[in-house]
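Read in order, the letters of the sequence shown are residues 1 to 455 in the UniProt record's numbering.
Worksheet for the structure shown next.
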Amino acid sequence: MKRTRTQSLASYFETEVIPLSFVAPWRTHQRSHRVGLNPHEPLTAPSVAMRLLLAGAVLLSAAAYYVYLPLPSGVSEPWKLMLLDALFRSFMQASDAAHALGVCHRIHLLNWVVSWVEEIEAHSCDAVQVADSTLGGVPTRVFHPLGGSQLKRGIVYFHGGGWALGSARMRSYDLLCRKMAKDLDSVVMSVDYRLAPDAVFPDQYYDALAASRAFLTPEVLHRYRIDPNRVCVSGDSAGGNLAAAVAQELSSDDSLPVKFKLQALIYPVLQALDFHTASYQQNQAVPILYRPFMARFWLQYLGADSSLEPLLLTNNHSSLDQRVISADTRSKVDWTALLSSEKRKHFRPVVKARGSPEVMDAVPHLMDVRAAPLLADQAVLRRTPTAYVMTCEFDVLRDDGLMYVRRLQDAGVTATSDHYEDGFHGCMVFSFLPMMSSVGQRSMNNYISWLDQNL
Numbered sequence: 001m002k003r004t005r006t007q008s009l010a011s012y013f014e015t016e017v018i019p020l021s022f023v024a025p026w027r028t029h030q031r032s033h034r035v036g037l038n039p040h041e042p043l044t045a046p047s048v049a050m051r052l053l054l055a056g057a058v059l060l061s062a063a064a065y066y067v068y069l070p071l072p073s074g075v076s077e078p079w080k081l082m083l084l085d086a087l088f089r090s091f092m093q094a095s096d097a098a099h100a101l102g103v104c105h106r107i108h109l110l111n112w113v114v115s116w117v118e119e120i121e122a123h124s125c126d127a128v129q130v131a132d133s134t135l136g137g138v139p140t141r142v143f144h145p146l147g148g149s150q151l152k153r154g155i156v157y158f159h160g161g162g163w164a165l166g167s168a169r170m171r172s173y174d175l176l177c178r179k180m181a182k183d184l185d186s187v188v189m190s191v192d193y194r195l196a197p198d199a200v201f202p203d204q205y206y207d208a209l210a211a212s213r214a215f216l217t218p219e220v221l222h223r224y225r226i227d228p229n230r231v232c233v234s235g236d237s238a239g240g241n242l243a244a245a246v247a248q249e250l251s252s253d254d255s256l257p258v259k260f261k262l263q264a265l266i267y268p269v270l271q272a273l274d275f276h277t278a279s280y281q282q283n284q285a286v287p288i289l290y291r292p293f294m295a296r297f298w299l300q301y302l303g304a305d306s307s308l309e310p311l312l313l314t315n316n317h318s319s320l321d322q323r324v325i326s327a328d329t330r331s332k333v334d335w336t337a338l339l340s341s342e343k344r345k346h347f348r349p350v351v352k353a354r355g356s357p358e359v360m361d362a363v364p365h366l367m368d369v370r371a372a373p374l375l376a377d378q379a380v381l382r383r384t385p386t387a388y389v390m391t392c393e394f395d396v397l398r399d400d401g402l403m404y405v406r407r408l409q410d411a412g413v414t415a416t417s418d419h420y421e422d423g424f425h426g427c428m429v430f431s432f433l434p435m436m437s438s439v440g441q442r443s444m445n446n447y448i449s450w451l452d453q454n455l
C-alpha cells in the first residue's frame with residue numbers, strides 16, 4: 001500500500017511496514033523519555049521460572065556437548081554408548097586430576113569408584129549358591145548351582161579391566177557368572193587376581209595360573225562334584241588374555257591329570273607389538289577402549305614408565321632396527337597376512353625403519369608369551385584346547401582376536417570366531433539393567449549357547 005500525502009513516514013512504517021510487535025517497544029521507549037523513565041531499565045524482570053529454564057537449557061547444552069561423540073554408523077545403540085563413554089571419561093578425568101595433584105594414583109581412585117558403584121556382597125538364591133572363597137591362595141567368588149544328581153560342568157573365569165580395574169565382586173560379573181552357573185548347570189569360579197599398579201606382570205598371570213591349577217585338582221573337582229572332562233577357562237578383555245596364557249601353559253604341562261577342555265576368549269588383548277593394526281587404526285577414537293588407554297594399560301601391567309606411551313602409540317618400539325624382534329615373531333602379528341581383505345580394508349601397516357631401541361630394554365616383557373599369547377609358537381598353540389573367540393567390529397582389539405583364531409586354526413586347533421558387526425569393546429558386560437544393550441544380550445546368549453553345546 002502506498003503512503004498518502006498526509007500520512008507521516010513514521011506512521012506509515014508503524015502501521016504498514018513494521019509489525020506492531022516490533023513497533024510497540026520502540027514507542028514505549030519513546031514514552032519513557034517523555035515521562036522521565038530510565039530507558040535502560042527492562043520493562044519486566046524475568047521470572048524465577050524463566051531464569052531456571054534458561055539455566056537448565058545452558059546446563060543441558062553443556063551436557064549434550066560433553067556426551068555427544070561422532071560414532072560409526074553401524075555401532076549398536078550409539079546413544080547408550082555415548083552415555084557410557086561420557087561416564088567413563090568423567091571418571092578418568094577426575095582420576096587424572098587426582099593423580100596430578102598427588103592425592104592418589106589414578107587407578108586407585110577409579111577402583112574406588114568401581115567398588116562404590118558396582119561391588120556387591122555374595123548372596124545366594126534359590127538356584128545358585130554364591131560364596132567368596134580362596135583357591136590356590138587367590139581370592140575367588142564361587143557360583144554353585146543347586147540341585148541335580150549329575151556331575152556338573154566347571155568354568156574358571158577372569159574379569160576384564162586392563163589388569164588394573166574390576167573385580168569378581170562387581171555386579172555385572174556377578175550377574176554374568178550367576179547366569180552361567182544356572183543356565184549351564186556349571187560351577188563357576190570367578191577369580192579376583194591382583195591388580196596394577198600394586199601388582200605388575202607376572203603377578204596377575206601367576207594368580208590366574210595358581211587359581212586354575214587349584215581348580216583342576218581332584219580334591220576341588222570332587223568337592224564341587226565337577227566332571228573332570230568338562231572344564232573350561234574363560235575371560236573377557238584382559239581376562240581373555242589371562243585365559244589364553246593359562247590355557248597355553250597348562251596344555252603343555254604333562255604332569256596334570258586334568259586339563260581344560262575349552263578356552264572361551266571374549267574380545268581378548270593378545271599382543272603389544274603393533275598399535276596400528278587395521279582395527280587399531282579404524283577404532284582408535286571409538287569408545288570405550290581408545291588406543292591411548294590400551295597403551296597405558298599395557299605399560300601399567302608390565303611395570304613400565306608411562307612416559308613410553310607415545311613411543312608405543314607410534315610403533316617406535318617395534319621398528320625394523322629392533323634386533324630382538326625376529327622375522328618369525330613379526331609374522332605372528334602380521335595382520336596383512338593373517339586377516340581377510342574385508343578386515344584389512346584400506347589400512348596400511350605402520351612400520352618404522354628406525355625407532356627407539358631403549359623401549360625393549362626398558363620393557364622386555366613385551367615379548368613374553370605369558371603376557372602376549374599371540375606370540376606363542378605353533379607347537380604350543382597346537383596343544384591348546386578347542387577355542388571360542390568373540391570379537392567386535394568397533395574395538396581396537398578386534399584384530400588381536402581374529403589373528404589368534406587364524407593362528408589356532410593353522411595349528412590344527414578347532415577355533416570358532418564369533419564376530420559382532422555392531423559390537424564395541426566391553427559390550428557383553430552391558431547385558432543387564434540399567435546399562436543393558438542389544439548387542440550385549442545377543443553376545444552373552446551366544447557365548448553361553450556355545451558353551452552349552454561344546455562343554
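Ideal Cβ positions, reconstructed from N, Cα and C, are used throughout, including at glycine.
Pull up the distance between the alpha-carbon of residue i and that of residue j, whole angstroms please.
| i | j | result |
| --- | --- | --- |
| LEU84 | ALA353 | 39 angstroms |
| TYR68 | VAL429 | 22 angstroms |
| HIS29 | MET50 | In this prediction, HIS29 scores a pLDDT of 44, lower than 50, which makes its location untrustworthy; the coordinate-derived value is nonetheless stated afterwards. Taking the straight line from one Cα to the other gives about 23 angstroms. |
| PHE347 | ALA285 | 15 angstroms |
| VAL130 | LEU176 | 13 angstroms |
| ARG171 | SER341 | 39 angstroms |
| LEU101 | ARG344 | 43 angstroms |
| GLU421 | ARG442 | 12 angstroms |
| VAL156 | VAL188 | 6 angstroms |
| HIS222 | SER149 | 13 angstroms |
| TRP450 | ALA415 | 12 angstroms |
| SER437 | PRO78 | 10 angstroms |
| THR384 | VAL103 | 45 angstroms |
In terms of alpha-carbon separation, which member of the options lies closest to residue i?
| i | options | result |
| --- | --- | --- |
| ARG398 | PHE143, ALA304, CYS125 and ASP274 | ASP274 |
| GLU309 | MET294, PHE430, ARG106 and SER76 | MET294 |
| HIS276 | PRO287, ARG291 and ARG330 | ARG291 |
| ILE266 | SER252, CYS392 and VAL103 | CYS392 |
| HIS419 | VAL439, ARG383 and MET189 | VAL439 |
| ASP192 | PHE143, TRP112, ASN315 and PRO139 | PRO139 |
| CYS427 | ARG344, ARG406, TYR173 and PRO218 | TYR173 |
| GLN378 | VAL350, GLN409 and ALA387 | GLN409 |
| ARG169 | GLY148, LYS182, THR336 and ASP132 | ASP132 |
| PRO349 | ALA376, LEU52, GLN322 and THR314 | THR314 |
| TYR224 | GLU249, GLU421, LEU146 and LEU289 | LEU146 |
| VAL324 | VAL333, ALA376, PRO364 and ARG442 | PRO364 |
| LEU455 | LEU366, ALA411, ALA208 and THR386 | THR386 |
| LYS332 | ALA208, MET435 and MET367 | MET367 |
| ARG141 | LEU109, GLY412, LEU302 and ALA211 | ALA211 |
| ASP207 | LEU451, ALA243 and LYS179 | ALA243 |
| MET435 | ASP334, GLY56, GLU118 and ASP361 | GLU118 |
| ASN316 | SER279, ASP361, ASP452 and GLN453 | ASP361 |
| PRO70 | LEU338, PRO287 and ASP203 | PRO287 |
| LEU87 | GLY154, PRO72, LEU110 and ARG370 | LEU110 |
| GLN93 | VAL113, SER255 and LEU184 | VAL113 |
On the three-state DSSP scale, how would you describe residue i?
| i | result |
| --- | --- |
| VAL220 | helix |
| THR336 | helix |
| THR329 | helix |
| GLN240 | The amino acid occupying residue 240 in the given sequence is Gly; Gln does not appear at that position. It is helical. |
| ALA49 | helix |
| LYS343 | helix |
| ASP253 | coil |
| HIS419 | strand |
| ILE107 | helix |
| ILE226 | strand |
| LYS80 | helix |
| ASP183 | helix |
| GLY426 | coil |
| ILE120 | coil |
| MET189 | strand |
Cβ of residue i within 9 angstroms of Cβ of residue j?
| i | j | result |
| --- | --- | --- |
| ALA247 | VAL233 | yes |
| GLY355 | SER237 | no |
| LEU433 | SER417 | no |
| PHE201 | VAL231 | no |
| SER306 | GLN300 | yes |
| PHE424 | ASP395 | yes |
| PHE297 | VAL269 | yes |
| residue 524 | ARG330 | Summary: the structure shown does not reach residue 524, with the chain confined to residues 1 through 455, and so no result is reported for it. |
| GLN271 | LEU374 | yes |
| SER252 | VAL389 | no |
| PRO197 | ILE107 | yes |
| ALA278 | TYR447 | no |
| residue 506 | LEU216 | Here the chain covers residues 1 to 455 and nothing more, so residue 506 does not appear. |
Between residue i and residue j, how many whole angstroms is the CB-CB distance? I'm expecting something under 8 angstroms.
| i | j | result |
| --- | --- | --- |
| ALA245 | TYR205 | 6 angstroms |
| VAL220 | LEU81 | Incorrect: roughly 40 angstroms between the Cβ atoms, too far for contact. |
| LEU153 | SER186 | Inspection of the sequence shows that residue 153 is occupied by Arg rather than by Leu. The pair is a contact, with the Cβ atoms about 4 angstroms apart (cut-off 8 angstroms). |
| ALA371 | LEU302 | 7 angstroms |
Does any residue of chain B have a CB that is nearer than 9 angstroms to the CB of residue i?
| i | result |
| --- | --- |
| VAL233 | Any reference to chain B falls outside this structure, which holds one protein chain only. |
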